[in-house]
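Quick note on numbering: the sequence shown equals residues 1 to 630 in full-length UniProt numbering.
Ideal Cβ placement from N, Cα and C applies to all residues, glycine included.
As the structure is a prediction and not an experimental result, all values here were calculated from the model.
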Amino acid sequence: MEYTILILLLPLLSFLFLGLAGMKLKPAVAGLVGTAVLGVVTLLCYCTAYGYFTAGRDAAGAFPTLIPWNTVWLPISRTLHIDMGILLDPISVMMLVVISTVSLMVHVYSLGYMKGERGFQRYYAFLSLFTMSMMGLVVATNIFQMYLFWELVGVSSYLLIGFYYTKKEAVAASKKAFIVTRFADLGFLVGILFYGYYAGTFSFTPEVRLLAAAGTMIPLALGLMFIGGAGKSAMFPLHIWLPDAMEGPTPVSALIHAATMVVAGVYLVARMFPLFIGYAPEVLHWTAYIGAFTALYAAVVACVQSDIKRVLAFSTISQIGFMIVALGVSTSADPHAGGLGYMASMFHLFTHAMFKALLFLGAGCIIHAVHSNEMSAMGGLRKYMPVTHATFLVACLAIAGIWPLSGFFSKDEILTACFAFSPAMGWLMTAIAGLTAFYMFRLYYNIFWGRENRELHAAHKPHEAPLTMTLPLVFLAAVTLVGGAIPFGKFVSSDGMSYTIHIDWRVAGVSLCVAAAGIALATWMYLRERQPVADRLALRFRGLHRAAYNRFYIDDVYQFVTHKVIFRFVSTPIAWFDRHVVDGFMNLLARAAGGAAYAIRDMQSGSVQRYCIWFLGGALGFTIILLLIR
1 MEYTILILLL PLLSFLFLGL AGMKLKPAVA GLVGTAVLGV VTLLCYCTAY GYFTAGRDAA
61 GAFPTLIPWN TVWLPISRTL HIDMGILLDP ISVMMLVVIS TVSLMVHVYS LGYMKGERGF
121 QRYYAFLSLF TMSMMGLVVA TNIFQMYLFW ELVGVSSYLL IGFYYTKKEA VAASKKAFIV
181 TRFADLGFLV GILFYGYYAG TFSFTPEVRL LAAAGTMIPL ALGLMFIGGA GKSAMFPLHI
241 WLPDAMEGPT PVSALIHAAT MVVAGVYLVA RMFPLFIGYA PEVLHWTAYI GAFTALYAAV
301 VACVQSDIKR VLAFSTISQI GFMIVALGVS TSADPHAGGL GYMASMFHLF THAMFKALLF
361 LGAGCIIHAV HSNEMSAMGG LRKYMPVTHA TFLVACLAIA GIWPLSGFFS KDEILTACFA
421 FSPAMGWLMT AIAGLTAFYM FRLYYNIFWG RENRELHAAH KPHEAPLTMT LPLVFLAAVT
481 LVGGAIPFGK FVSSDGMSYT IHIDWRVAGV SLCVAAAGIA LATWMYLRER QPVADRLALR
541 FRGLHRAAYN RFYIDDVYQF VTHKVIFRFV STPIAWFDRH VVDGFMNLLA RAAGGAAYAI
601 RDMQSGSVQR YCIWFLGGAL GFTIILLLIR
């Protein structure tokens, strides 16, 4: 499969071409070039997946790990070196399919959504860079190559979130995302260096004897790596960048939330899973606890947001929490449940990518129609946007975990693994699944039912999006409808062996009842034009409602700590020291040098007589010194 190198080279060439020559092309041509290149890349990814999964298993019955291309890029010592290459195994091949599919849908959708935008060519160049970066991350043959592409993902997300660079909010959001993830990536880098030093390699499969000799340093290294993953995947308390990232174009939000940036942390834990479960199971436990708290926190906040993109942003944070929990509970003593957690996490990553991309692209169609992100500008849109309404409803049912949509199957497997790990964990995640159903149908009813903003709609009548925007919705809705029928465990499992999915109908029955209760509650509160129950509850629990609306003031805490503490008591004194001591000393040296030069300026006056005097004086002085030394 040497042709797989084209999966990285083609989007890279597209980025370079559109970035350098894009402004000389018509916007429509630039968009078609970027989309056509991504179409070819998607075809290559599908061919790779078909070729890999149909080639057969090895003698042990597992899918083999293939490295069709690899080269030593930076030798450090005889055994320690940084390679650049392509690694194909079940999760990397699965991720290639997910990334290419969602990215292609975003490229096609953007032809309509971004039409007429200033910087259209630049936008498609950035999309190509983003896609190439994420694909390079998932096919990395070693942890350092993953880190390099990890940082490229951070750079390209900064460029896309801040695409509307004339808006202060967009610039602030891009900087916030970049800075927060950079702090997290510092932990990732330190963990990589510890790992390389004690494991003697940056490979994902180091020698067992070196790991055994390293003792507690391997768990420490893996824990530090997870900090980087927590930053990318917006785990609490490093989640603050993701809701603000909604300032970027809506198709970018779909790309970031569905298939690329935020799942990088999940992929990191899955890639390092054999090391986590073999040498740091306690660290894996902590990832589950962090993921569960993050999922609960984000679900509660999503229940009261009024901006539809921010509801979906907190939904993403919560769903990523589900994936992290599934990996974390894979330390269960039951080998079936342990393998189930890993498989369920990857299965939910796959299904979530499709219906979350559908939700964000549907939100883009809605914003395109009403020119606002606020639910107050919506209501009754089902009459004007039938395709968007139908596909959005499919996505809402899927994320709520309703049978037989794809979200039911993947979320049910996660809940089953959680109950096997701990009943408390199982019931907590089931309750969060109920909250998910509630806030998603609160969003659905406020957009498509509820009270219509007739005054706003009379001035600007909503309309269905063009075909370039609705076709990706229909395709993603179709995948969401049938995705649960995929025998995912036969392709992706913790040990590469075939894993047969068995639905535990006791868990599934409870989760369906909880989801139905959440939907029924949202229907009772939000289906009608007037919402007296919701208004009374918001008034009755005013403090809790306000706190949840303001994200429990976590952003304010960060603002206080950075501006009132760090900037005031750390940065300001350092800046004073830099200006008055460091700069003052440099200025003193400059003045001393200038004064000395002024004092000896006569030595270079051009007068031969003065040169003779200086020469004779110097010779006499030198002679006296020699006599004194003797």
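Using the Cβ count rule (16 or more neighbours within 10 Å means buried), how would you classify residue i?
i, result
"W286", "exposed"
"E169", "exposed"
"Q604", "exposed"
"M135", "buried"
"I519", "buried"
"S422", "exposed"
"I613", "exposed"
"T79", "exposed"
"Y611", "exposed"
"K24", "exposed"
"A337", "Here the model assigns A337 a pLDDT of 49, short of 50, so the residue's position is not dependable, and the following value carries that caveat. Per the 10 Å Cβ criterion, buried."
"residue 633", "Within the shown structure, residues of the chain are numbered from 1 to 630, placing residue 633 beyond reach of any answer."
"F183", "exposed"
"F569", "exposed"
"T623", "exposed"
"L224", "buried"
"H580", "exposed"
Which partner residues does residue i have in the DSSP bridge list?
i, result
"D307", "E374"
"S203", "N142"
"D83", "V72"
"L296", "According to DSSP, L296 bridges with nothing at all."
"L66", "L88"
Within its chain, find whatever has a CB closer than 7 angstroms to the CB of residue i; leave out the 5 residues flanking it on each side and keep chain order.
i, result
"A363", "T250, I308, K309, L312"
"P335", "Below a pLDDT of 50, predicted positions are generally treated as unreliable, and P335, at 47, falls in that range; no measurement from the model is reported."
"M261", "V153, S157, K232"
"H81", "V72, L74, P75"
"S416", "The sequence given here has Thr at residue 416, not Ser. Closer than 7 angstroms at Cβ, skipping near neighbours: L340, D504, V507."
"I367", "T250, N373"
"L129", "F15, S156"
"I256", "S157, A245, V262"
"T331", "I277, P281, L284, H285, G338"
How is the alpha helix (DSSP H) around residue i delimited, first residue to last?
i, result
"P386", "386-400"
"T4", "Taken as a continuous stretch (DSSP letters only), T4 belongs to no alpha helix (DSSP H), as it is neither H nor E."
"L238", "Segment: none, L238 is in no alpha helix (DSSP H) and carries neither H nor E."
"E413", "406-421"
"D556", "554-559"
"F273", "273-279"
"I519", "505-526"
"S253", "250-258"
"L220", "217-232"
"G39", "27-54"
"residue 634", "Residue 634 cannot be examined here, being either before or after the span of the chain that is shown, 1 to 630."
"P573", "572-577"
"V262", "Segment: none, V262 is in no alpha helix (DSSP H) and carries neither H nor E."
"N587", "583-599"
"T623", "608-629"
"V537", "The residue asked about is misnamed: residue 537 is Leu in this sequence, not Val. Segment 532-540, the alpha helix (DSSP H) holding L537."
"R209", "208-214"
Going along the chain, which residues of its own chain have a beta-carbon closer than 8 angstroms to the beta-carbon of residue i, five neighbours each way excluded?
i, result
"R530", "R451"
"H460", "V370, H371"
"residue 688", "Residue 688 is absent from the model: the chain starts at 1 and stops at 630."
"A214", "Y198, A199"
"I447", "I308, I366, M375, M378, G379, L381, F392"
So, at 6 angstroms on beta carbons, what are the nonlocal neighbours of residue i in its own chain, with the 5 sequence-adjacent residues on each side left out?
i, result
"A534", "M525"
"C418", "V329, M425, G426, M429"
"V239", "Going by the sequence as given, residue 239 is His instead of Val. Within the same chain, H239 has close Cβ partners I317."
"Y445", "Y526, L527"
"Q319", "H352"
Give a yes or no on contact between the segment 312-327 and the segment 480-495, applying the rule of three or more CB pairs nearer than 8 angstroms. no
Taking three-plus beta-carbon pairs below 8 angstroms as touching, is the segment 289-306 in contact with the segment 236-249? yes
Using 8 angstroms as the threshold, is the segment 153-166 in touch with the segment 71-78, meaning 3 or more CB pairs across them? No, they do not touch.
Touch check for the segment 506-520 and the segment 200-214: three-plus C-beta pairs under 8 angstroms? no
Below 8 angstroms, can you find three or more Cβ-Cβ pairs linking the segment 144-152 to the segment 47-56? no
Is the segment 19-37 touching the segment 103-116, taking contact as three or more C-beta pairs under 8 angstroms? yes
Stretch-stretch touch, CB-based, cutoff 8 angstroms, three pairs: the segment 369-378 with the segment 425-434: no
Flag this pair as touching only if the segment 458-477 and the segment 532-550 have three or more C-beta atom pairs under 8 angstroms; answer yes or no. no
When you compare the segment 342-349 with the segment 485-500, are there three or more beta-carbon pairs, one atom per stretch, that lie closer than 8 angstroms? yes
Does the segment 383-396 touch the segment 120-138, meaning 3 or more C-beta pairs lie closer than 8 angstroms? At 8 angstroms Cβ cutoff, the stretches do not touch.
Are at least three pairs of beta-carbons, each pair with one atom in the segment 215-223 and one in the segment 273-281, less than 8 angstroms apart? yes
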